[in-house]
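In what follows, a structure is listed as structure tokens, so that the remarks can point back to it.
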Amino acid sequence: MTQYWLMKSEPDEVSVDDALAAPKSTVPWTGVRNYQARNFMRDQMRVGDGVLFYHSSCAEPGIVGIAQVASTPYPDPTQFDRKSPYYDPASRQEEPRWSLVDVQVVKKTRNLTLPELRTTPGLEDLVVLRKGNRLSITPVEPRHWRQITKLLGA
DNA sequence: GCCAACGTTGGC
DNA sequence: GCCAACGTTGGC
1 MTQYWLMKSE PDEVSVDDAL AAPKSTVPWT GVRNYQARNF MRDQMRVGDG VLFYHSSCAE
61 PGIVGIAQVA STPYPDPTQF DRKSPYYDPA SRQEEPRWSL VDVQVVKKTR NLTLPELRTT
121 PGLEDLVVLR KGNRLSITPV EPRHWRQITK LLGA
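Numbering of the first sequence is given in the UniProt record's numbering, commencing with residue 1 and proceeding in unit increments.
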């Protein structure tokens, strides 16, 4: 069964435009160093799952595109790269600690901004809007997915 | 830059 | 296993 997710990216690192410009509009979701977010990618995501591409830590945070999970999970190569900010000296090749999936942008949309999300009736309990939420990957309920994709005309 | 909220680390 | 200290996230 198809599931739905919201995935945060800092546009300074990988924006929706960067992803669109990549081969097959697909980017590896590198740099996740939170176990809960990793577990979503490693244990629950399936190819074809729907993804809301979200820009965070920027002037106008919000949902900026529709994407999909485009690979099964595999080890995040940046954990073994000494020059990467995501290098993890505690992770071993035989037993990688961090996994990721590839994400393919299906459609760039307008920016459905955080203030707009917060004030849209029906989205009050979207996981990413919950107080104190910091998770970079959160599940999205089917009804939220339907409402948001409709709002975006996607 | 500030700071609330949360996650991780490490001493005990 | 507890919990204080510290680090990170991310909106503002």
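Glycine included, C-beta positions come from ideal geometry on N, C-alpha and C.
Using the C-alpha atoms, what's the distance from residue j back to residue i?
i, j, result
"T2", "Q44", "10 angstroms"
"S71", "T30", "13 angstroms"
"residue 185", "K131", "Residue 185 is absent from the model: the chain starts at 1 and stops at 154."
"N39", "P142", "20 angstroms"
Are the beta-carbon atoms belonging to residue i and residue j less than 8 angstroms from one another?
i, j, result
"T120", "G62", "no"
"L135", "Q36", "yes"
"P28", "H55", "no"
"G48", "V16", "no"
"I148", "M7", "no"
"W98", "V14", "no"
Would you kindly report the start and end of the unbroken alpha helix (DSSP H) that includes residue i?
i, result
"A37", "35-39"
"T138", "Looking at the DSSP string, T138 is not in any alpha helix (DSSP H); the run it does join, the beta strand (DSSP E), is 137-140."
Between which two residues does the beta strand (DSSP E) containing residue i stretch?
i, result
"T119", "No beta strand (DSSP E) contains T119, which is instead part of the alpha helix (DSSP H) from 114-119."
"V64", "62-69"
"V27", "26-28"
Would you call residue i buried or exposed, if buried means 16 or more other Cβ atoms sit within 10 Å of its Cβ?
i, result
"D76", "buried"
"S57", "exposed"
"R92", "exposed"
"Y87", "exposed"
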